[in-house]
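Asker: The structure that follows is given in the form of structure tokens.
Residue numbers (the working numbering): -15 to 93.
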């Protein structure tokens, strides 16, 4: 993605990120590391245009490739999540939790 100048936005919060490892797996096998339910959620996000691919300007490609900006930006965590921010993945495989701010509580009071 980074070398082609694309960013993946709104990656589902409750699915393993690319380059993220499941603790029970010794060696990553890519999409095969996802459970069947996670695969369905990922496909659903693609079909419903929740998960989108965004092209960035040519002059910004270096920032992606050098991991200055994220290549994948996850969805904001739900209101009941223990996390205050969503995940981000960089071209070098680094994952942090400095993404989108957790969603507010939408229940009526």
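Yeah, the Cβ is synthetic: ideal placement off N, Cα and C, and Gly gets one too.
Can you give me the C-alpha to C-alpha distance between residue 82 and residue 65, rounded to a whole angstrom?
Answerer: As a position in the chain shown, residue 82 is number 98, starting the count at 1. As a position in the chain shown, residue 65 is number 81, starting the count at 1. Those two C-alpha atoms are separated by around 14 Å.
Asker: Residues bridged to residue -9 by DSSP?
Answerer: Your numbering for residue -9 matches position 7 in the chain shown. Looking at the DSSP assignment, residue -9 forms a beta bridge with 38.
Asker: Return helix, strand or coil for residue 58, following the three-state DSSP convention.
Answerer: Counted from its first residue, the chain shown places residue 58 at position 74. Strand.
Asker: Using 8 Å as the threshold, is the region 39 to 47 in touch with the region 55 to 70, meaning 3 or more CB pairs across them?
Answerer: no
Asker: Alpha carbon to alpha carbon, how far is residue 79 from residue 4? Give it in angstroms, no decimals.
Answerer: Taking the first residue of the chain shown as 1, we reach residue 4 at position 20. Taking the first residue of the chain shown as 1, we reach residue 79 at position 95. Going by the C-alpha atoms only, they are around 8 Å apart.
Asker: In angstroms, rounded to a whole number, what distance separates the CA positions of residue 61 and residue 51?
Answerer: As a working mapping, residue 61 is identified with position 77 in the chain shown. As a working mapping, residue 51 is identified with position 67 in the chain shown. Using only the alpha carbons, I get a separation of about 23 Å.
Asker: To the nearest angstrom, how far is it from the Cα of residue 67 to the Cα of residue 31?
Answerer: Taking the first residue of the chain shown as 1, we reach residue 67 at position 83. Taking the first residue of the chain shown as 1, we reach residue 31 at position 47. Distance between the alpha carbons of residue 67 and residue 31: 27 Å.
Asker: To the nearest angstrom, how far is it from the Cα of residue 25 to the Cα of residue 76?
Answerer: Numbered from 1 along the chain shown, position 41 holds the residue referred to as residue 25. Numbered from 1 along the chain shown, position 92 holds the residue referred to as residue 76. If I take the Cα positions, the gap works out to 25 Å.
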